[in-house]
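Chemist: If you read the sequence shown in this note's numbering, its first letter stands for residue 30, the second for the next number, and so on. For every residue, glycine included, the Cβ atom is placed at its ideal position computed from N, Cα and C. Just so we're clear, the structure is a prediction, and the values are computed from it rather than from any experiment. Below: one structure in structure tokens.
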Amino acid sequence: SSLSGIIEANSGLGAPLQADIGTETPLHFMDTNIDKEYEWNEWKLRREALHMADIRRKTTSTTQTTQSHLRRETETQVYLPKDMATNTLVN
30 SSLSGIIEAN
40 SGLGAPLQAD
50 IGTETPLHFM
60 DTNIDKEYEW
70 NEWKLRREAL
80 HMADIRRKTT
90 STTQTTQSHL
100 RRETETQVYL
110 PKDMATNTLV
120 N
């Protein structure tokens, strides 16, 4: 049942040894270097480049002036506890 036993048993016959061997190639290879950010569409790349160039030209403006900085109405809504107790079925 071991490989050496099979070779010894067949060596006395004088016939060449033959064996059936099979190899298997995977259907879908697993790539480890997949780039998630890769884009193949040239028009999408062009659109993104134009968008980035447009964003760089825009500026932001402040919505608060120096006088109104940290001066806002600070009101909160509070629910005061009720004076009545709740009714339950258990005594």
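How big is the Cα-Cα spacing for E77 and M59?
Modeler: Position 48 of the sequence shown, counted from the start, is the residue given in the question as residue 77. Position 30 of the sequence shown, counted from the start, is the residue given in the question as residue 59. About 30 Å.
Chemist: E71 to D64, Cα distance in whole Å?
Modeler: To locate residue 71, count along the sequence shown from 1; it is residue 42. To locate residue 64, count along the sequence shown from 1; it is residue 35. Roughly 17 Å between the two C-alpha positions.
Chemist: Using the three-state DSSP reduction, which class does K73 fall into: helix, strand or coil?
Modeler: Position 44 of the sequence shown, counted from the first residue, corresponds to residue 73. Looking at K73 - three-state DSSP - the assignment turns out to be helix.
Chemist: Output the distance between the C-alpha atoms of N62 and Q106, rounded to the nearest integer angstrom.
Modeler: On the sequence shown, position 33 is the one that residue 62 refers to. On the sequence shown, position 77 is the one that residue 106 refers to. Distance between the alpha carbons of N62 and Q106 is about 55 Å.
Chemist: According to DSSP, is S31 part of a helix, a strand, or is it coil?
Modeler: If you number the sequence shown from 1, residue 31 lands on position 2. Of the three classes helix, strand and coil, the one that applies to S31 here is coil, per DSSP.
Chemist: Look at L74 and E68 and say whether their C-beta atoms are less than 8 Å apart.
Modeler: Counted from its first residue, the sequence shown places residue 74 at position 45. Counted from its first residue, the sequence shown places residue 68 at position 39. Yes; because the gap between Cβ atoms is below 8 Å, this pair is in contact.
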